[in-house]
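For the sequence shown, our numbering gives the first residue as 807, with consecutive numbering after it.
Comments concern the structure below.
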Amino acid sequence: MTLPASPTGALTPPRADDLALALRMADAADAVSMARFDASDLAVETKPDASPVTEADLATERAIRDILAAERPHDGVFGEEFGRQGDQARQWIVDPIDGTANYLRGIPMWGTLICLAEEGRPVVGVVSVPGISRRWWAAEGLGSWTVDAGGSPTRLHVSGIDRIEDASVSFQSIRQWDDAGHLPALVALSRRVWRDRGYGDVWPYMLLAEGRLEFVAEFDVKEYDIAAVVPIITEAGGRFTSFEGDETLSARSSLATNGVLHESFLAFLHSDHVPV
């Protein structure tokens, strides 16, 4: 994939080199994951946390780690399937197949998430959803971009909607909010916004970066579930925090908005008039 020029000219190292590597890893991941997508003999196991893992999850993460071992042997890696390895000051955070439940049921809304974090701060992010031939990427200072099959890269910008009443939101799943004890807040939010839908997994974050949604929030998320989306959203002009408003990946919750409405959403969700 040919990278677009940055607004200030040609891409320059080190972010450009890291982004180019992340995109090559996404190419390799897509080839592995698509080879087994919707296969009738796909091997599926259950992990200790009761979540499913397929042979494709494992093979896809191995493919990414093999490239890192060859090209960035001094960088650390934190992947969903094989854990942490190496230096955490400069660490690649990988979810080989985000949306495994969709993958094993033959639903194309799943993707590979690749992030480079420096001192815990995401600076490069790639999200590839090969089942629908879409990819999104960003690097700090270089903007946020997307491309579809055969298309030219398009720069992303969040929406400018500035009233909650005009916002379109994605809540991931009702059960997730219920388990976290925030279902009353979700119901209250749904009554105030223009439109609410549970698109699920990584896709709604990308819709937000494209300016099609104003709010995405979820719970019980790990670093590899969300790290890659952070640069894509922030470079598109949005904002990403925990549900409580903290700038961290480790709070096990997320709240992404178009930026303009971030404080308004936080205030509403945590206000006294929202029942608990």
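For glycine and all other residues, C-beta sits at the position ideal for the given N, C-alpha and C.
Since the structure is predicted, the reported quantities are computational estimates derived from the model, not experimental observations.
Where does the unbroken alpha helix (DSSP H) through residue i begin, and where does it stop?
| i | result |
| --- | --- |
| Ala1033 | Note, Ala1033: premise wrong, no alpha helix (DSSP H); not H, not E. |
| Arg821 | Arg821 to Arg842 |
Assuming residue i is part of the beta strand (DSSP E), what are its boundary residues?
| i | result |
| --- | --- |
| Arg1045 | Arg1045 to Thr1047 |
| Ser1070 | Premise fails: Ser1070 lies in the alpha helix (DSSP H), His1068 to Leu1075, not in any beta strand (DSSP E). |
| Ile899 | Arg896 to Asp904 |
| Leu919 | Gly917 to Glu924 |
| Asp954 | Gly949 to Asp954 |
| Ala875 | Here Ala875 belongs to no beta strand (DSSP E); instead the alpha helix (DSSP H) covers Glu861 to Glu877. |
| Arg890 | Gly889 to Gln891 |
| Ser979 | Taken as a continuous stretch (DSSP letters only), Ser979 belongs to no beta strand (DSSP E), as it is neither H nor E. |
| Ala957 | Checking the sequence shown, residue 957 turns out to be Gly, not Ala. That residue, Gly957, is in no beta strand (DSSP E); it is neither H nor E in DSSP. |
| Ser857 | Here Ser857 belongs to no beta strand (DSSP E), and DSSP marks it neither H nor E. |
| Ala1062 | Ser1059 to Thr1063 |
| Gly882 | Gly882 to Gly885 |
| Pro936 | Here Pro936 belongs to no beta strand (DSSP E), and DSSP marks it neither H nor E. |
Shortest alpha-carbon distance to residue i belongs to which of the options?
| i | options | result |
| --- | --- | --- |
| Ala1042 | Glu1029, Gly931 and Gln978 | Gly931 |
| Thr918 | Gly987, Asp901, Gly912 and Arg896 | Asp901 |
| Trp916 | Arg1018, Pro1010, Ala1023 and Glu1024 | Pro1010 |
| Ala1034 | Ala865, Phe1046 and Ala845 | Phe1046 |
| Gly1051 | Arg878, Leu989, Leu1072 and Val1036 | Leu1072 |
| Leu1019 | Asp1031, Asp1026, Arg1001 and Pro990 | Arg1001 |
| Phe843 | Arg911, Leu864, Arg997 and Leu922 | Arg911 |
| Ser846 | Leu825, Ile1032, Glu861 and Val1027 | Glu861 |
| Glu924 | Ile913, Arg941, Trp898 and Arg940 | Trp898 |
| Asp823 | Ala945, Leu989 and Pro990 | Ala945 |
| Arg878 | Asp1078, Leu825, His988 and Gly926 | Leu825 |
| Ser839 | Arg821, Met831 and Thr866 | Thr866 |
| Thr1040 | Val1066, Gly882 and Ser996 | Val1066 |
| Ala973 | Val953, Gly956 and Arg997 | Arg997 |
| Gly1017 | Arg896, Pro959 and Gly1044 | Gly1044 |
| Glu1029 | Leu827, Gln894, Asp881 and Ala856 | Gln894 |
| Leu827 | Pro959, Leu864 and Ala876 | Ala876 |
Excluding five sequence neighbours on each side, which residues of the same chain lie with their C-beta closer than 6 Å to the C-beta of residue i?
| i | result |
| --- | --- |
| Arg890 | Phe884 |
| Arg961 | Gly949 and Trp951 |
| Leu1075 | Ala991 |
| Ala986 | Phe1025 |
Leaving aside the five residues before and after residue i along the sequence, list all residues of the same chain whose C-beta is less than 8 Å from its C-beta, in chain order.
| i | result |
| --- | --- |
| Val859 | Val850, Glu851, Thr852, Lys853, Glu887 and Thr906 |
| Gly1101 | With the chain covering only 807 through 1082, there is no way to say anything about residue 1101. |
| Pro813 | Low per-residue confidence applies at Pro813: pLDDT is 40, beneath 50, and the placement is therefore not dependable enough to give any value. |
| Gln982 | Glu1024, Phe1025 and Asp1026 |
| Val1036 | Cys921, Pro928, Gly931, Phe1046 and Leu1055 |
Sorted by chain position, which residues of the same chain lie with C-beta nearer than 7 Å to residue i's C-beta, five sequence neighbours on each side aside?
| i | result |
| --- | --- |
| Thr1054 | Ser1048 |
| Val1022 | Ser976, Pro1010, Tyr1011, Leu1014 and Ala1062 |
| Ile1032 | Leu1055 and Ser1060 |
| Met831 | Ile870, Ile873 and Ile920 |
Entirely within the stretch 986-1031 and at least 3 residues each: give me those beta strand (DSSP E) ranges in chain order. 1001-1003 and 1021-1025
Answer yes if the stretch 870-881 comes into contact with the stretch 964-974, meaning at least three C-beta pairs across the two stretches below 8 Å, and no otherwise. no
The stretch 946-962 in contact with the stretch 1057-1066 per 3-pair CB rule at 8 Å: no
Can you find at least 3 beta carbon pairs, one from the stretch 826-837 and one from the stretch 934-944, that sit closer than 8 Å? yes
Assess contact between the stretch 901-914 and the stretch 849-859, defined as three or more Cβ pairs (one per stretch) separated by less than 8 Å. Is contact present? yes
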